[in-house]
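Colleague: Supplied in C-alpha cells, the structure appears directly below.
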Amino acid sequence: MSVEREFERRAQAVPKLGLGLSVDVYSPDLGEVMSRFQRSAFRPAYLEIFRATTTALRAVSRYVGEIPLAYHGEGLWITQPDFSSMPFLERELTHVTSELNLLRSPWLNHECATKQMGGYTFGTYLPPLYTAESATLVADNIALVQEQLDQSRRPGEAFGPLFLLEMPPLTYFMAGTISVPEYFRLVTERTPCGLVLDIGHLWTVYRYTAARRQSSLQDFVERFLDEFPMDQVIEIHIAGLALHEAGRHAVVQQEYPEWIDAHAAPIQPVCWAILDQVLAHPCLRHLRGVALEVDTKPVELIVGEFAAARRRLGPVIDRLMEVTPSCSGGVEPVTHDGRAHEAEMDRRFLEEDYVRYAQIVSGHEPPTGPAWKAVVDDPSGLERYMYAYLPHEILEWGGALTDMFPETCRGLPEEGVALDEFLAWWFDRPRPTDRPYDFFLLKMDRFVEFVGERASTLLALARHEAGTLRQAYEDANAGSRSLTEFCP
Ligand SMILES: [Fe+2]
Numbered sequence: 000m001s002v003e004r005e006f007e008r009r010a011q012a013v014p015k016l017g018l019g020l021s022v023d024v025y026s027p028d029l030g031e032v033m034s035r036f037q038r039s040a041f042r043p044a045y046l047e048i049f050r051a052t053t054t055a056l057r058a059v060s061r062y063v064g065e066i067p068l069a070y071h072g073e074g075l076w077i078t079q080p081d082f083s084s085m086p087f088l089e090r091e092l093t094h095v096t097s098e099l100n101l102l103r104s105p106w107l108n109h110e111c112a113t114k115q116m117g118g119y120t121f122g123t124y125l126p127p128l129y130t131a132e133s134a135t136l137v138a139d140n141i142a143l144v145q146e147q148l149d150q151s152r153r154p155g156e157a158f159g160p161l162f163l164l165e166m167p168p169l170t171y172f173m174a175g176t177i178s179v180p181e182y183f184r185l186v187t188e189r190t191p192c193g194l195v196l197d198i199g200h201l202w203t204v205y206r207y208t209a210a211r212r213q214s215s216l217q218d219f220v221e222r223f224l225d226e227f228p229m230d231q232v233i234e235i236h237i238a239g240l241a242l243h244e245a246g247r248h249a250v251v252q253q254e255y256p257e258w259i260d261a262h263a264a265p266i267q268p269v270c271w272a273i274l275d276q277v278l279a280h281p282c283l284r285h286l287r288g289v290a291l292e293v294d295t296k297p298v299e300l301i302v303g304e305f306a307a308a309r310r311r312l313g314p315v316i317d318r319l320m321e322v323t324p325s326c327s328g329g330v331e332p333v334t335h336d337g338r339a340h341e342a343e344m345d346r347r348f349l350e351e352d353y354v355r356y357a358q359i360v361s362g363h364e365p366p367t368g369p370a371w372k373a374v375v376d377d378p379s380g381l382e383r384y385m386y387a388y389l390p391h392e393i394l395e396w397g398g399a400l401t402d403m404f405p406e407t408c409r410g411l412p413e414e415g416v417a418l419d420e421f422l423a424w425w426f427d428r429p430r431p432t433d434r435p436y437d438f439f440l441l442k443m444d445r446f447v448e449f450v451g452e453r454a455s456t457l458l459a460l461a462r463h464e465a466g467t468l469r470q471a472y473e474d475a476n477a478g479s480r481s482l483t484e485f486c487p
C-alpha cells in the first residue's frame, strides 16, 4: 500500500473533535480550568493533555468524564540518530502506550525537536537539522514508534493511535539546507504520520529566517502552506508569543519583535490572522482538531480566549469537521530503494552533525558548513540564543539554582567560584544519556557534581539540599496536588 493510501486509512480512523484546549495537568490546575468552563457558554470539545504521571492522568480521565482526551508526548527524541538504540527506549514506549490507552487518545503528538543531542542536554526544544538525511531518519524513527503503537491497539481497532509530528518553533535561529515545508514533505512521503501545524511556530519560521526580509508575512504564509503537506495536518495549535524573560529589557522598535513561542502569553493578533489563512487552505482535508495551547496561562485568559476563538472560528471549524474538500495537485508517492548501508552511513554522519549542533549552539565551536550558512550570514539570532536564552535556561529556567540550592549558592563566592561557571561546565563535555529525560532532576544531579568538582568543601551541603529537593519533587509527583480534590 502506498504511504499516501495508508495515511488516508489511518486518518479516517481518527475522530473529528473540533475546537479544544491543549493543557498541562497542573499549570494551571486543570480541575480549576474545567470548573470555570462549567459556568461558560463555550466548552472545549476535547483536551490534549501534556505528559504527566500516570496517577495524574488517571485523575484527569475520571474528572473530565465525557470530554474526549488526546495525548501530547515528551521525551521521544525522534530527531536523534541514536533514538532506536537508546537503552531505556522500550520502557519509554511501554509507558507512552499505557498512557495513550488510559486516555483513549486517538493520537500521540510529539514535537519534531529534541532536548538532548550527542550527549548534551538542554531545557527546551531545539529543532532538527533541516536536511534531507535528517528527514529520512525522523520518518524511520516515527515508523518504529508507530509499529509499537499499532501492537498495543485497542480491541476492535485496526490501528493504534496515530503518530502526529508537530512542526517545532525556532528560537532565534535555524540550521539546515532545505526549507521547513520540504522537510515535512520528505517525512510524510516516507511514513504515514499525521502533522500538527502550530501557528506560533510558523510565525517564528518567518521571523527567524531570511523570509522576513524577502516577503510580507501574508505572502510567506501563502507560499509556505502551498509547499507544506497540508493534506496530512490532523491538528492545529495556536498559542501566545512573547519576548523572552532574559530579553524583556530590550525595547524593540520593529514590526515583528523578537518574540518566541510562549504559552502563558496572550494570542497575538498576527496569529489569529495566520490561522484564518490556514483554515482557508483547500488542502486541509484531514483536520480533526484545533487546540488553544494554554498551559501556564491564567485561567480567566484561557476562558476569554476560548470564547473568542469559538465565536471567530467555530463555524469554519465545524464545517471543516463535516466536509472533505478536495485538494488540487496531489503529491506523487516517492519510491525508496532502501539501501541499508547508505542509511547507516547517513545515520553516522548525522550523529556527528548533531554533536556539532550542540557544540555550536553552546558556543564551543563556530558555525561552519552548508547547514549553518544562514547563521553565518546573520549571526544575531544564534548570538541571542547563546548569550541570553541558553544561560537563562541552565541557571534559571525549570528551577533557579539560587532557589534550589540557596545555601550552597551563598557559599560558592567564598570558594572563589562564580555560579555562572556552571553553564560552561554543563557543556564542557558530552555525558551519556543514562535515564529518561527529566530536566529538573538532571539539573539537580549535575549541580551536585559541579560543586563536588569545583568547591568540594560545599559538597555535603549541596547533597543535603538536593535530598530535600528530591523528596519534595517525589511528593509532588505522587499525586497529592489539588487536581485530585476535584475528583469524587
Ligand atoms: Fe504546539
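Just so you know, we're using numbering that gives the first Met the number 0 here: the sequence shown kicks off at 0 and counts up by one. For glycine and all other residues, C-beta sits at the position ideal for the given N, C-alpha and C.
1. Tell me, please, which residues DSSP counts as bridged to G17.
2. Starting from H71, follow its DSSP beta bridges and name the residues at the other end.
3. Answer yes or no: do V289 and I301 have a C-beta to C-beta separation smaller than 8 Å?
4. Taking DSSP as the reference, what is the three-state secondary structure of E166?
5. Would you report the Cα separation of E110 and L411, rounded to the nearest angstrom?
6. At 4 residues or longer, and completely inside the stretch 372–408: list those alpha helix (DSSP H) runs for me, N to C.
7. Which one of A387, E65 and M116 has the shortest CA to CA distance from T432?
8. Less than 8 Å between the CB atoms is what I'm expecting for E304 and I266, so what's the real figure, rounded?
9. With distances taken from CA atoms, which of F6, V24 and A40 is nearest R310?
10. Would Y129 be called buried (16 or more neighbouring beta carbons within 10 Å of its own) or exposed?
11. Measuring straight from C-alpha to C-alpha, what distance separates L389 and A357?
12. Counting beta carbon pairs with one atom in the stretch 175–187 and one in the stretch 146–159, are three or more of them shorter than 8 Å?
13. With distance defined between alpha-carbon atoms, name the residue in L278, Q276, L242 and D275 nearest to A263.
14. I'd like to know whether the C-beta of A475 is nearer than 8 Å to at least one C-beta of chain E.
15. So, is P314 buried or exposed, given that buried needs 16 or more other C-beta atoms within 10 angstroms?
16. Helix, strand or coil, according to DSSP, for I141 in the structure here?
17. Among A373, N140, C408 and P80, which one has its Cα closest to the Cα of V488?
18. Which parts of the stretch 200–241 are runs of the beta strand (DSSP E), unbroken and 3 residues or longer, counting only runs that do not cross its ends?
19. Regarding E292 and ligand 1, is the C-beta to nearest heavy atom distance less than 7 Å?
20. Alpha carbon to alpha carbon, how far is V447 from V195?
21. With the cut-off set at 8 Å, would you say T190 and A138 are in Cβ contact?
22. Using only CA atoms, which one of H285, K114, S214 and R184 lies nearest to L441?
23. In the DSSP output, what is I259 paired with across the bridge?
24. Where does the unbroken beta strand (DSSP E) through Y171 begin, and where does it stop?
25. Would you say H391 touches ligand 1, meaning its beta carbon is less than 7 Å from a heavy atom?
26. Once you ignore the five residues that flank L169 on each side, which residues in its own chain have a CB closer than 7 Å to its CB?
27. Would you say L56 and L18 are within 8 Å of each other, going by their C-beta atoms?
28. According to DSSP, is T367 helix, strand or coil?
Modeller: Per the coordinate set shown:
1. For this step, residue 17 is matched to residue 18 along the sequence shown. In the DSSP assignment, the residues bridged to G17 are G288.
2. Here residue 71 is taken as the residue at index 72 of the sequence shown, counted from 1. Paired residue(s): F49 and N108.
3. Position 290 of the sequence shown, counted from the first residue, corresponds to residue 289. Position 302 of the sequence shown, counted from the first residue, corresponds to residue 301. Going by C-beta atoms, V289 is not nearer than 8 Å to I301.
4. The residue labelled residue 166 in the question sits at position 167 within the sequence shown. Before going on, a small fix: residue 166 reads as Met here, not Glu. Secondary structure at M166: coil, using DSSP grouped into helix, strand and coil.
5. Residue numbering aside, residue 110 sits at position 111 when the sequence shown is read from its first letter. Residue numbering aside, residue 411 sits at position 412 when the sequence shown is read from its first letter. Our two residues, E110 and L411, have alpha carbons roughly 38 Å apart in a direct line.
6. The alpha helix (DSSP H) runs of length 4 or more contained entirely in the stretch 372–408 are, from start to end of the chain, 372–376, 379–383, 389–394 and 400–403.
7. Start at 1 with the first residue of the sequence shown, and residue 432 comes out as number 433. Among A387, E65 and M116, the Cα nearest to that of T432 is on M116.
8. Translated into positions along the sequence shown, residue 304 becomes position 305. Translated into positions along the sequence shown, residue 266 becomes position 267. Between I266 and E304 the Cβ distance is about 6 Å, and since that is below 8 Å, they are a contact.
9. For this step, residue 310 is matched to residue 311 along the sequence shown. Selected option, being the one with the closest Cα: A40.
10. On the sequence shown, position 130 is the one that residue 129 refers to. Buried: at least 16 other Cβ atoms inside 10 Å.
11. The residue given as residue 389 occupies position 390 in the sequence shown. The residue given as residue 357 occupies position 358 in the sequence shown. Rounded to whole angstroms, the separation of the alpha carbons of A357 and L389 is 12 Å.
12. The answer is no - the stretch 175–187 does not touch the stretch 146–159, with fewer than three Cβ pairs under 8 Å.
13. One-based indexing of the sequence shown puts residue 263 at position 264. Per the Cα distances, L242.
14. Checking the listed chains, one finds no chain E in this structure; it contains a single protein chain.
15. Against the sequence shown, residue 314 aligns to sequence position 315. Burial call: exposed.
16. As a first step, residue 141 must be located in the sequence shown, where it is residue number 142. Looking at I141 - three-state DSSP - the assignment turns out to be helix.
17. Only positions 0 to 487 of the chain appear in this structure, which leaves residue 488 out of reach.
18. As far as the stretch 200–241 is concerned, its whole beta strand (DSSP E) runs of at least 3 residues are 232–237.
19. The residue given as residue 292 occupies position 293 in the sequence shown. Under cutoff, so the answer is yes.
20. Counting from 1 along the sequence shown, the entry for residue 447 is found at position 448. Counting from 1 along the sequence shown, the entry for residue 195 is found at position 196. Distance between the alpha carbons of V447 and V195 is about 39 Å.
21. Along the sequence shown, read from residue 1 onward, the residue named residue 190 stands at position 191. Along the sequence shown, read from residue 1 onward, the residue named residue 138 stands at position 139. If you check the CB distance, T190 and A138 come in under 8 Å.
22. Taking the sequence shown and counting its residues from 1, the one referred to as residue 441 is at position 442. Ranking the options by Cα distance to L441, first place goes to K114.
23. Here the question's residue 259 lines up with position 260 in the sequence shown. DSSP lists A241 as the bridge partner or partners of I259.
24. Position 172 of the sequence shown, counted from the start, is the residue given in the question as residue 171. Careful: Y171 lies outside any beta strand (DSSP E) and carries neither H nor E.
25. Sequence index remark: in the sequence shown, residue 391 carries index 392 (1-based). Outside the cutoff, so no.
26. By 1-based counting over the sequence shown, the position of residue 169 is 170. Closer than 7 Å at the Cβ level, and outside the excluded window around L169, lie P126, T203, V204 and Y207.
27. The residue labelled residue 56 in the question sits at position 57 within the sequence shown. The residue labelled residue 18 in the question sits at position 19 within the sequence shown. Not closer than 8 Å, so no.
28. As a working mapping, residue 367 is identified with position 368 in the sequence shown. Note: T367 maps to coil in three-state DSSP.
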